[in-house]
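Written below as structure tokens is the structure these notes are about.
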Amino acid sequence: MKKTTSKNKPGVHYAIVGKDLAGHMLEVTLTVEQPAPEGQLLSLPAWIPGSYMIREFSRNIVRIRAESGGQAVPLTKVDKHSWQAAPVSGRLTVVYEVYAWDLSVRAAHMDQTHAFFNGTSVFLRVAGQEDAQHVVDIQRPADPAAKTWRVATALPELKARRYGFGTYAAANYDELIDHPVEMGDFALATFKAHGVPHDVVITGRVPGLDMARLCADLKAICETQIAFFEPKTRRAPMNRYVFMTMAVGDGYGGLEHRASTALICARADLPTAATPKGAEISEGYLKFLGLCSHEYFHTWNVKRIKPAAFAPYDLSTENYTPLLWLFEGGTSYYDDLMLVRAGIIGEPAYYKLLGKTVGGVLRGAGRLKQSVADSSFDAWGKYYRQDENAANAIVSYYTKGSLVCMALDLTIRAKTAGKKSLDDVMQALWQRYGRDFYEGAARGAGVTPAEVEALCDEVAGARLKSFFDKYVRGTEDLPLAKLLAPFGVKYSDDRKSAKPSLDANLGRDGADAKLAAVHEGGAAHAAGLSAGDLLVAIDGLRVTPGNLDTLLSRYKVGAAVEVHAFRRDELHTFRVTLQGDRVPTVTLALEAAGKKTLPLRPGAAR
């Protein structure tokens, strides 16, 4: 049977326009030149790759209709995200409206200042024609507010000019939905990383933005990562890349794509020209660069090196894999490490970041109940649907996964006397499983859990089954102090045990001292307090979010206090015995000179 390709298919055509900016309504016109003779099936993805939760994007389709030859065509709803068009003899046209008011990196958002959308939120899939060429006409909204707008996307231009409205083309549906689009009056700059142009797009007001510094720092990060995966050729897996960032008052997040990333950040985190030269990098800017590094590393690790369960994606339902500890956790391990290798931060700053990660993981009792493999598999129902008991019940495949990868790195280095490392594993994964996902290439095979473990064995020159049983499939705490010591890194836990604590977290919003989470085994838990309880008074003195620590500091560890709290609308009294602060305060630091040190920089392991 002859394989269907985009060359022998007539193609699928879309036109998308901001119909009502104030009403946040996008209008999409889909044209299918040769619909299926039995009636064309159309569907919208239920989730977006990189965010492992069923999002039900179809709920934002407000109206939909179809026609052919000027006559209305009946559409039958098949399920929550699919429609079946009645059979027609010619071209099928489907017109639908999409509500775009989700200010995140996952869906679509539009108003009088800008428009942003992911293809998974707006482009119906034409069943049976996924491998045909998909052409999109991105049209300028008629609203005068959009008169000076430009277009930012990594979608290849067809007849449109770079940054302009017009037609863009994708080789297939998978490529179409992997290129988000930003429209508006954005700040724009371009730099080249090993010859590949990278656009930096900033939407939102950022007075005094230091775009030159941002580009210089991103260039260093990108070139470091390209050289990491292709040390000989310095060849990037895309012809062009776009960092598109929405700057807001308070926000943080990112989502990876094959040749771009969608980011959201606090505008205060971006660098400004007012910052004195040579000044220490701010915590906010470092956080943003870490985010950029994370999403860029995904260009290889998950966008091209994929779990077998994602090759290909089934966007109509959950896709389960126990490997997110490697694809998200591994990326989290390398994101800050790449900042060191790129010269953005020094080793002391890196160890400070690493210490915070270790402390955060040790804070939750969930790490002793759920393995990172199970956390990966259960992402759909647990990690992305966290409640007030999450810290006691689950572990993050991001943070714990990053520590597992660090421990795996140290283990391989120890077993090979520093001749091999996790770097070699990642590069082998790229060579064997990632290259099939070069831009324009066919779908690759993806890697299985067994293949990952076998590759680690191969690089280490020893069986690592015990490691995987204990720390990947098991819930044992990682022996980080023992693993780090041979490399001259001292591990310390300096928690202030003399500080009295309820061992509970307050909510961040509002003026009330409402418990957001109660940690298992802590003072609040032992006394019967629960998440959602509203603290009113301690020994007759009013509690507020701002004075809780001050009130508790008047007591010694072991003191008994009377706590009044509302549970729903009923007032309760609790007798609480204050415990010492159980929050881990982990610090990592290089020991005296002369000892063998952990090789953080490229080439240091050899």
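Numbering of the sequence shown is given in this note's numbering, commencing with residue 58 and proceeding in unit increments. C-beta atoms are modelled at their ideal positions from N, C-alpha and C, and glycine is treated no differently. All values derive from a computational prediction rather than experimental measurement.
Separation of residue j from residue i, as counted between CA atoms
| i | j | result |
| --- | --- | --- |
| Thr-61 | Val-69 | Here Thr-61 scores only 37 on pLDDT, less than 50, and its place in the model is too uncertain to base an answer on. |
| Ala-209 | Ala-561 | 44 Å |
| Thr-332 | Ala-616 | 48 Å |
| Leu-327 | Leu-521 | 42 Å |
| Pro-543 | Tyr-407 | 18 Å |
| Ala-269 | Asp-393 | 21 Å |
| Asp-314 | Ile-283 | The amino acid occupying residue 314 in the given sequence is His; Asp does not appear at that position. Approximately 16 Å, taken between the alpha carbons. |
| Ile-73 | Gly-127 | 20 Å |
| Thr-356 | Ala-316 | 7 Å |
| Glu-113 | Ser-100 | 11 Å |
| Ala-217 | Leu-233 | 16 Å |
| Lys-235 | Leu-87 | Correcting the residue type first, residue 235 is Asp in the shown sequence and not Lys. Answer to the nearest angstrom: the Cα atoms are 18 Å apart. |
| Leu-410 | Ala-581 | 29 Å |
| Val-359 | Val-618 | 51 Å |
| Ala-464 | Gly-223 | 50 Å |
| Ala-244 | Val-258 | 6 Å |
| Ser-350 | Met-395 | 7 Å |
| Phe-286 | Phe-384 | 15 Å |
| Pro-264 | Arg-324 | 9 Å |
| Gly-308 | Asp-566 | 15 Å |
| Asp-626 | Leu-559 | 22 Å |
| Gly-497 | Glu-84 | For Gly-497, the predicted model reports a pLDDT of 42, less than 50, meaning its position is unreliable; a value from the coordinates is still stated below. Using only the alpha carbons, I get a separation of about 29 Å. |
| Gly-400 | Asp-480 | 18 Å |
| Asp-675 | Gly-261 | Any answer about residue 675 is impossible in this case: the structure gives the chain only from 58 up to 663. |
| Val-640 | Gly-416 | 8 Å |
Backbone secondary structure at residue i - three-state DSSP
| i | result |
| --- | --- |
| Lys-276 | helix |
| Lys-571 | strand |
| Asn-358 | strand |
| Ile-338 | coil |
| Val-643 | strand |
| Tyr-153 | strand |
| Lys-137 | coil |
| Gly-497 | The predicted model places Gly-497 with a pLDDT of 42, which falls under 50 and marks its position as unreliable; any figure quoted below should be read in that light. Here Gly-497 sits in coil by DSSP. |
| Trp-158 | strand |
| Phe-167 | In the sequence on display, residue 167 carries Met and not Phe. Note: Met-167 maps to strand in three-state DSSP. |
| Asp-514 | helix |
| Gln-128 | strand |
| Leu-383 | helix |
| Ser-478 | coil |
| Pro-294 | coil |
| Phe-173 | strand |
| Val-492 | With the sequence shown as reference, residue 492 is identified as Arg, and Val is not the correct amino acid for it. Of the three classes helix, strand and coil, the one that applies to Arg-492 here is helix, per DSSP. |
| Ala-485 | helix |
| Ser-108 | strand |
| Ala-123 | strand |
Residue i beta carbon near the ligand FMN (any heavy atom closer than 6 Å)
| i | result |
| --- | --- |
| Gln-91 | Absence of the ligand FMN is noted for the structure shown, with no ligands found whatsoever. |
Continuous beta strand (DSSP E) stretch holding residue i: start and end
| i | result |
| --- | --- |
| Asp-194 | 191 to 196 |
| Met-82 | 82 to 89 |
| Lys-76 | 69 to 77 |
| Leu-98 | 98 to 100 |
| Ala-227 | 223 to 227 |
| Arg-207 | 207 to 210 |
Endpoints, the alpha helix (DSSP H) within which residue i is located
| i | result |
| --- | --- |
| Glu-232 | 230 to 233 |
| Leu-396 | 386 to 398 |
| His-11 | This structure cannot settle anything about residue 11, because the visible part of the chain is limited to 58 through 663. |
| Val-429 | 429 to 434 |
| Val-418 | 404 to 420 |
| Gly-603 | Counting along the chain, Gly-603 falls outside any alpha helix (DSSP H), and DSSP gives it neither H nor E. |
| Gly-176 | 176 to 179 |
Bridge partners - residue i, DSSP secondary structure assignment
| i | result |
| --- | --- |
| Ser-317 | Val-299 |
| Gln-443 | Looking at the DSSP assignment, Gln-443 forms no beta bridge with any residue, so it has no partner. |
| Ser-549 | Thr-644 |
| Ile-595 | Leu-598, Val-620 |
| Leu-266 | Thr-329 |
| Gly-310 | Ile-321 |
| Leu-245 | Val-258 |
| Glu-627 | Arg-624 |
| Asn-50 | Beyond the ends of the chain as shown, which are 58 and 663, falls residue 50; an answer cannot be given. |
| Arg-182 | Ser-100 |
| Ala-450 | Paired residue(s): none; Ala-450 is not in a bridge. |
- Task: Answer yes if the segment 367 to 382 comes into contact with the segment 417 to 436, meaning at least three C-beta pairs across the two stretches below 8 Å, and no otherwise.
- Result: Touching, yes.
Item to complete: Determine, using beta-carbon pairs with one atom in the segment 359 to 376 and one in the segment 296 to 307, whether at least three such pairs fall under 8 Å.
Response: Too few Cβ pairs lie closer than 8 Å, so no.
Item to check | At least three beta-carbon pairs within less than 8 Å, the segment 119 to 138 to the segment 158 to 174 | outcome: Too few Cβ pairs lie closer than 8 Å, so no.
Taking three-plus beta-carbon pairs below 8 Å as touching, is the segment 102 to 118 in contact with the segment 188 to 200? In short, these stretches do not touch, since the Cβ pair count stays below three.
Any chance the segment 137 to 149 sits against the segment 74 to 93, with 3 or more Cβ pairs inside 8 Å? In the pairwise beta carbon analysis, the segment 137 to 149 is classified as touching the segment 74 to 93: at least three pairs are separated by under 8 Å.
Quick check: the segment 534 to 550 against the segment 637 to 651, are at least 3 beta-carbon pairs closer than 8 Å? Judged by Cβ distances under 8 Å, the segment 637 to 651 makes contact with the segment 534 to 550, as three or more pairs qualify.
Inter-stretch contact at 8 Å, needing at least 3 Cβ pairs: the segment 577 to 595 / the segment 439 to 452: Contact holds: three or more Cβ-Cβ distances are below 8 Å.
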